[in-house]
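From first to last, the protein sequence lines stand for chains A and B. For the first sequence, position 57 matches number 296 in my numbering, and the numbering has no gaps at all. For the second sequence, position 64 matches number 303 in my numbering, and the numbering has no gaps at all. Data block below; observations after.
Number of protein chains: 2
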Amino acid sequence: MNDGNSRIVWHGRPWQMRAVTERLPNGQTMERAFIDHPGAVVLVPVQQTAVGFNVLMLRQYRAALGETILELPAGTRGWDEKWLTCAQRELREETGFRAASLIYLGEIWPSPGVSNEQMRLYMAAGLEPDPLPADADEEISVQPMPLPELLEMARNGRIHDAKSIIGLWWAAEYFSNQ
Amino acid sequence: MNDGNSRIVWHGRPWQMRAVTERLPNGQTMERAFIDHPGAVVLVPVQQTAVGFNVLMLRQYRAALGETILELPAGTRGWDEKWLTCAQRELREETGFRAASLIYLGEIWPSPGVSNEQMRLYMAAGLEPDPLPADADEEISVQPMPLPELLEMARNGRIHDAKSIIGLWWAAEYFSNQ
Chain A
240 MNDGNSRIVW HGRPWQMRAV TERLPNGQTM ERAFIDHPGA VVLVPVQQTA VGFNVLMLRQ
300 YRAALGETIL ELPAGTRGWD EKWLTCAQRE LREETGFRAA SLIYLGEIWP SPGVSNEQMR
360 LYMAAGLEPD PLPADADEEI SVQPMPLPEL LEMARNGRIH DAKSIIGLWW AAEYFSNQ
Chain B
240 MNDGNSRIVW HGRPWQMRAV TERLPNGQTM ERAFIDHPGA VVLVPVQQTA VGFNVLMLRQ
300 YRAALGETIL ELPAGTRGWD EKWLTCAQRE LREETGFRAA SLIYLGEIWP SPGVSNEQMR
360 LYMAAGLEPD PLPADADEEI SVQPMPLPEL LEMARNGRIH DAKSIIGLWW AAEYFSNQ
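Encoded structure:
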């Protein structure tokens with residue numbers, strides 16, 4: 240995306256949008272827009288209970304959708320920030336806990352047609368209270384829920400957030416392989 | 240997103256980007272950008288074989304990533320297009336088949352922090368050749384692969400495209416409940 244025909248159309252704190260003029264095989268030209276994104280982390284914070292594991296889910300207001308949704312903690316990486324540093328920071332900001340261990344589950348592209356965003360998913364275990372101030376623009380509350388119930392919600396379409404569906408599935412697979 | 244403080248910063252054929260100036264609880268203002276998106280369909284086209292089901296996957300060049308990825312057929316809806324009309328059109332454009340039945344699997348938000356895009360997922364069955372011309376800006380090839388192999392790739396992180404991971408999981412669940 241660094242050819243000579245591109246221009247930045249919006250530049251924000253975390254990411255920017257670039258418009259690129261392309262010549263198509265049929266000879267026409269067309270402008271397309273892409274998001275240049277530093278990547279993000281997705282966290283599956285787990286706490287052992289008497290009967291299994293709870294996951295710390297968030298209820299977060301999403302201005303793009305105009306509604307409050309159920310999702311896993313997640314956040315955008317700084318351009319030069321290390322992935323594990325980002326994971327620990329976002330966990331502390333959004334849940335108030337730090338993790339003794341961050342277990343890599345895999346990576347996903349949420350919107351490869353529009354953005355180069357890569358999300359790295361981690362299970363966060365061994366949680367200890369160690370909060371950081373939340374971002375001023377975020378409205379979130381933490382809601383612990385049993386993993387089996389969440390897995391069923393992800394499987395049958397009652398959770399709509401893509402990263403959360405995948406994070407819950409992969410976390411459940413991790414435990415089933417232990 | 241239709242308050243008085245927003246402006247369109249880019250307007251494309253399928254979607255547009257809007258920047259919104261928000262006043263934060265701490266009194267500061269901040270500009271954030273969102274994609275206004277008409278939604279998209281994701282298709283899981285299945286063909287019965289002697290031993291089970293194949294899924295018609297795509298290998299598609301994604302300019303945002305700068306690479307060719309493995310993913311399910313999918314496409315953006317026209318602003319006034321009916322969802323099932325969109326599903327049949329995208330299936331014919333991208334795979335060359337029409338479906339006798341489109342089975343709704345569920346819906347997801349791929350990027351609720353940035354976009355209001357909603358994706359509706361359908362299994363496409365009863366496939367008959369009935370191609371439409373592909374979009375001039377798309378470079379795709381169709382690759383049939385066995386559903387059990389794809390499910391395993393989605394489960395263990397060898398497929399990175401979020402919509403495809405979820406579509407394959409939900410399709411496999413559909414068959415396991417039959």
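Ideal placement from N, C-alpha and C gives every residue a C-beta, glycine not left out.
Selected residue, minimal CA-CA separation from residue i, among the options
i: Y343 (chain A); options: A:Y300, A:G352, A:L390 and A:L360; result: A:L360
i: Q255 (chain A); options: A:E391, A:W318 and A:W409; result: A:W318
i: R337 (chain A); options: A:V248, A:R257, A:Q286 and A:D376; result: A:Q286
i: E378 (chain A); options: A:R298, A:L304 and A:G406; result: A:R298
i: Y413 (chain A); options: A:M392, A:K402 and A:L386; result: A:L386
i: N244 (chain A); options: A:E261, A:R252 and A:P253; result: A:E261
i: N293 (chain B); options: B:W348, B:R394, B:A326 and B:L366; result: B:L366
i: Q382 (chain A); options: A:P370, A:W409 and A:I308; result: A:I308
i: L390 (chain B); options: B:L407, B:L263, B:V353 and B:A258; result: B:L407
i: R271 (chain B); options: A:W348, A:H250 and A:L323; result: A:H250
i: D400 (chain B); options: A:T315, A:V353 and A:V259; result: A:V353
i: S415 (chain A); options: A:V248, A:G291 and A:R316; result: A:G291
i: D374 (chain B); options: A:P264, A:R252, A:L282 and A:P253; result: A:P264
i: E335 (chain B); options: B:P284, B:T324 and B:E388; result: In the sequence on display, residue 335 (chain B) carries Gly and not Glu. If we check each option's Cα against that of G335 (chain B), B:P284 comes out closest.
i: S340 (chain B); options: B:P349, B:A326 and B:E346; result: B:A326
i: M296 (chain A); options: A:L282, A:T288 and A:D369; result: A:L282
i: R397 (chain B); options: A:M384, A:I347 and A:E320; result: A:I347
i: D376 (chain B); options: A:P368, A:V259, A:P253 and A:N395; result: A:V259
Under the three-state DSSP convention, the category residue i falls into
i: I404 (chain B); result: helix
i: E306 (chain A); result: strand
i: R262 (chain B); result: strand
i: E356 (chain A); result: coil
i: E367 (chain B); result: strand
i: R246 (chain A); result: strand
i: N241 (chain B); result: Note on N241 (chain B): pLDDT 42, under 50, position unreliable in the model; the coordinate value appears next. Coil, per DSSP.
i: R422 (chain B); result: No answer is possible for residue 422 (chain B): the residues shown for chain B start at 240 and end at 417.
i: R331 (chain A); result: helix
i: E388 (chain A); result: helix
i: R397 (chain A); result: coil
i: A326 (chain A); result: helix
According to DSSP, residues forming a beta bridge with residue i
i: F292 (chain B); result: B:Q287
i: F273 (chain A); result: A:R257
i: E412 (chain A); result: E412 (chain A) is not bridged to any residue.
i: L297 (chain B); result: B:E310 and B:V381
i: G345 (chain A); result: A:L360
i: L282 (chain B); result: B:Y361
i: S340 (chain B); result: B:A364
i: T315 (chain B); result: B:A279
i: T268 (chain A); result: A:R262
Closer than 8 angstroms, Cβ to Cβ, to anything on chain D: give me those residues from the stretch 298 to 309 of chain B, in chain order.
-> No chain D is part of this structure, whose protein chains are labelled A and B.
When you check each C-beta in the stretch 244 to 256 of chain B against every C-beta of chain A, which residues fall closer than 7 angstroms?
-> V248, W249, G251 and M256
Taking only beta carbons into account, state which residues of the stretch 341 to 352 of chain B come closer than 8 angstroms to chain A, listed in chain order.
-> L344, G345, E346, I347, W348, P349, S350, P351 and G352
Inter-stretch contact at 8 angstroms, needing at least 3 Cβ pairs: the stretch 265 to 282 of chain B / the stretch 290 to 308 of chain A = yes
Quick one, which residues of the stretch 385 to 412 of chain B are near chain A if we go by CB-CB under 8 angstroms, in chain order?
-> Per Cβ criterion, the list reads R394, N395, G396, H399, D400, A401, K402, I404, I405, W408, W409 and E412.
Is the stretch 350 to 369 of chain A touching the stretch 320 to 330 of chain A in the sense that three or more CB pairs, one from each, lie closer than 8 angstroms?
-> yes
Near-chain A residues of the stretch 263 to 296 of chain B - C-beta to any C-beta below 8 angstroms | Flagged, chain order: L263, P264, N265, Q267, M269, E270, R271, A272, F273 and I274.
Give the residues from the stretch 349 to 377 of chain A that approach chain B closer than 9 angstroms (Cβ to any Cβ), ordered along the chain.
-> P349, S350, P351, G352, V353, S354, N355, E356, Q357, M358, L360, A375 and D376
Taking Cβ-Cβ distances below 8 angstroms as the criterion, which residues of the stretch 319 to 332 of chain A are in contact with chain B?
-> Contact annotation: in the stretch 319 to 332 of chain A, no residue has its CB less than 8 angstroms from a CB in chain B.
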